[in-house]
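Enquirer: Residue numbers (the working numbering): 730 to 814.
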């Protein structure tokens, strides 16, 4: 399952590389980075062996704790959802 994080700014004290490394460590074998660029990070979540909702909740929780801005969204199947919703 493809998950895309759309953001307008990286929180102070973090870099894009640090965020990608943090997400890779948190997801371990349950997901992996497939791309990134200005304003987005794209991940693939394992959905054959593991329920992807755990990966979605892990990503959402990380973004909240890292204090991404309220306009940050995660997009699943073409539908964006705010990280604080």
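In this text, a Cβ means the ideal position worked out from N, Cα and C, and glycines have one as well.
Would you list the residues sitting across from residue 764 in a DSSP beta bridge?
Expert: 771
Enquirer: Mapping DSSP to helix, strand and coil, what is residue 788?
Expert: helix
Enquirer: Beta-carbon separation of residue 753 and residue 798 under 8 Å?
Expert: Contact flag unset, no.
Enquirer: When you compare the CB positions of residue 812 and residue 789, do they come within less than 8 Å of one another, or not?
Expert: yes
Enquirer: Identify whether residue 810 lies in helix, strand or coil by the three-state DSSP scheme.
Expert: strand
Enquirer: Any idea if residue 802 is buried or exposed, counting beta-carbon neighbours within 10 angstroms, 16 or more meaning buried?
Expert: Using a 10 angstroms sphere on the CB of residue 802, the tally of other CB atoms reaches 16 or more, which defines it as buried.
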